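Protein chains: 2
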Amino acid sequence: MKVIPGDKVIYTFKHDMDYVDKVSVGERFKVVTNDCWFQQIKSENQAIEQIDFNVVNPATGPIYVEGAEPGDVLKVKIIDIAVADYGSAAVIPNEGLLGDKVTKPVVKIIRVEEDYAIFNGMKLSIDPMIGVIGVAPALEDGEWPTGSPWHHGGNMDTTDIKIGSTLYFPVNQRGALLALGDCHARMGDGEVCVTGLEIGAEVTLEVDVIKHKSITWPIVETDEYVMIIASGDSLEKASYEATSQAVEYLKSGLKMSWEDAYMLASLVVDLKISQLVDPKVTVRAAIPKYVLPINKLMEAL
Amino acid sequence: MKVIPGDKVIYTFKHDMDYVDKVSVGERFKVVTNDCWFQQIKSENQAIEQIDFNVVNPATGPIYVEGAEPGDVLKVKIIDIAVADYGSAAVIPNEGLLGDKVTKPVVKIIRVEEDYAIFNGMKLSIDPMIGVIGVAPALEDGEWPTGSPWHHGGNMDTTDIKIGSTLYFPVNQRGALLALGDCHARMGDGEVCVTGLEIGAEVTLEVDVIKHKSITWPIVETDEYVMIIASGDSLEKASYEATSQAVEYLKSGLKMSWEDAYMLASLVVDLKISQLVDPKVTVRAAIPKYVLPINKLMEAL
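In order, the protein sequence lines correspond to chains A and B. Under my numbering, think of the first position of the first sequence as 320, with each following residue one higher. Under my numbering, think of the first position of the second sequence as 320, with each following residue one higher.
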């Protein structure tokens, strides 16, 4: 299996980027990802002030997907996320939702043993996820630091971006130019303190290209839901974007009036907080697949 | 079983209210609730402009709970929510998250048949919930229309307030003075169009009093989670309140530092949107019970 090594990283998603390797549709490949600190935290004595924030949030890649052209949709199936045997979390003054209450930085090293994270002696089951994953943004969307989410993906910090899920991205550039990093062994929706269980990982992916389909925001498909992942300057703005898109998909996919689709969304779509601690915050609108399967959504695009 | 009839309603939660009946700890009783329109919508031809909004959001009660004193916690177990055989939903210009896109009001009558709601021929499983439920507010909290949520409960529109769940409210007045209404046969998290499947119901409850315990926001306990339900002027503010409380409960219940509790919250607490369409919006912070069981939370209060 092809392996994309963890020393090939970017810090900005740009429309034009040099790719580090190529993969083909249907090919399984492995991506080695760094933790969000680029492994700068190795002990609980690590002073936060001494961390080099210029190398925080590295994303491995970009990876060129053969056959992906602007105007297509890139499909990325997450086959596996194998996490390292320890990771870290931190609280930092003025960071996270309750940052105003934090008086001192605290760093914690958290071991992972047989699918459990050990936190102060407590065993917490792990549920690995990818924090940062995205493609080359559209030219008109400009450049995005890997720490931010937007239309191209990026730091969506969405717990459903996990093993078994499938992502859909708009392709804005030949080869799509996929990059990823910032895995978490586990995280709560919201990521309230600004870190999850930050950890290095080996991510196994399989890609496909859906020709001539256009989407505005990334989509993640789980066993039960098709979720539109939208970001904005507030949870209300992100919710507005995600819901607008969900209503459009219900309308076109189920061939109903916009008003009926809006009403139906109120009955069946769950608006879920992904994260509220990054430069833009992220919400996902979850449509049950029994209401609108992904193939019906895609056919109607 | 005692029945509180649906014609005994309030439109404002006040510190001082006349109760309509009394119940005892451990007693099961039935509360007949009106739909949010007070049954004014009986056909899809109902003009929204002709609805009397002065009688919208009636809450049946208040019900005096014997033995509940200020400084206690009222525990309300939801035994059953039997919904009527039809309900309604509506889109209204300038209402709901996408209200600016609504050009005309639309009313839909939705039949309920054998635990399914029939929407444009689609079968949607029902999952009944209580939209409005609360107690007399603290004197310093003022008076609250039944359409708003706050510390006393009220229009929390939280999908987890459903059969099998248990609510916990601060008791601010002798007898607690419980009132409820606005049931939904189903609703998505967010209640994006401003209505769920609005429906009349018969709600069976059982109450208990936990003496000398103080909580700031209502709590709902489900099979898996203890959730703090907080409201505010934005989702960020409601999230801040809910998370602050969750971190305090983790700190005292698990006897850890505030910083560790904040970090743990980031790993295990899910911030969930309840509704973003009422005069104040509502978020719940869900703590897994395997991390902090309700009895450990209560003991530490």
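Glycine is no exception: its CB is placed at the ideal position from the N, C-alpha and C atoms. All values derive from a computational prediction rather than experimental measurement.
In the DSSP output, what is residue i paired with across the bridge?
| i | result |
| --- | --- |
| residue 406/A | 429/A |
| residue 321/A | 348/A |
| residue 540/B | 485/B and 545/B |
| residue 411/B | According to DSSP, which records beta bridges pairwise, residue 411/B is partnered with nothing at all. |
| residue 328/B | 379/B |
| residue 397/B | 524/B |
| residue 635/A | Past the boundaries of the shown model lies residue 635/A; chain A is included only from 320 to 620, so the question cannot be answered. |
| residue 517/B | 407/B and 503/B |
| residue 452/A | 473/A and 499/A |
| residue 437/A | 430/A and 442/A |
| residue 596/B | In the DSSP output, where bridge partners are listed per residue, residue 596/B has none listed. |
Assuming residue i and residue j make a contact with CB atoms under 8 Å, what is their CB distance in whole Å?
| i | j | result |
| --- | --- | --- |
| residue 305/B | residue 474/B | Not covered by the structure: residue 305/B. The range shown for chain B is 320 to 620. |
| residue 481/A | residue 400/A | 7 Å |
| residue 625/B | residue 330/B | Nothing about residue 625/B can be reported from this structure: the residues present for chain B run from 320 to 620 only. |
| residue 505/B | residue 443/B | 6 Å |
| residue 407/A | residue 394/A | Residue 407/A to residue 394/A, Cβ: 32 Å. No contact. |
| residue 352/B | residue 502/B | 5 Å |
| residue 374/A | residue 520/A | At roughly 17 Å, the Cβ-Cβ gap does not stay under 8 Å, so residue 374/A and residue 520/A are not in contact. |
| residue 417/A | residue 435/B | The Cβ separation is near 42 Å, so there is no contact. |
| residue 463/A | residue 372/A | In fact, because the Cβ distance is near 17 Å, the residues do not count as touching under 8 Å. |
Quick one: what does DSSP say residue i is sitting in, helix, strand or coil?
| i | result |
| --- | --- |
| residue 565/A | helix |
| residue 463/B | strand |
| residue 525/A | strand |
| residue 392/B | strand |
| residue 367/B | helix |
| residue 341/A | strand |
| residue 602/A | strand |
| residue 583/B | helix |
| residue 374/A | helix |
| residue 609/B | coil |
| residue 554/A | helix |
| residue 590/B | strand |
| residue 442/B | strand |
| residue 614/A | helix |
| residue 417/A | coil |
| residue 458/B | helix |
| residue 507/A | coil |
| residue 472/B | strand |
| residue 494/A | coil |
| residue 572/A | helix |
Does the separation of the CB atoms of residue i and residue j fall below 8 Å?
| i | j | result |
| --- | --- | --- |
| residue 450/B | residue 472/B | no |
| residue 350/B | residue 499/B | yes |
| residue 604/A | residue 562/A | yes |
| residue 342/B | residue 526/B | yes |
| residue 348/B | residue 620/B | no |
| residue 336/B | residue 409/B | no |
| residue 490/B | residue 387/B | yes |
| residue 392/A | residue 532/A | yes |
| residue 609/B | residue 496/B | no |
| residue 516/A | residue 568/A | no |
| residue 445/A | residue 438/A | no |
| residue 545/B | residue 592/B | no |
| residue 487/A | residue 537/A | yes |
| residue 440/B | residue 589/A | no |
| residue 404/B | residue 431/B | yes |
| residue 607/A | residue 543/A | yes |
| residue 360/A | residue 411/A | no |
For the ligand NAD, is there a heavy atom less than 7 Å away from the beta-carbon of residue i?
| i | result |
| --- | --- |
| residue 385/A | The ligand NAD is not part of this structure, which contains no ligands at all. |
Using a Cβ distance threshold of 8 Å, determine whether the region 582 to 596 of chain A contacts the region 509 to 521 of chain B, with at least three qualifying pairs required. yes
Taking one C-beta from the region 543 to 556 of chain B and one from the region 589 to 604 of chain B each time, how about it: are there three or more such pairs within less than 8 Å? yes
Does the structure place the region 372 to 387 of chain B close enough to the region 562 to 573 of chain B that three or more beta carbon pairs sit under 8 Å? no
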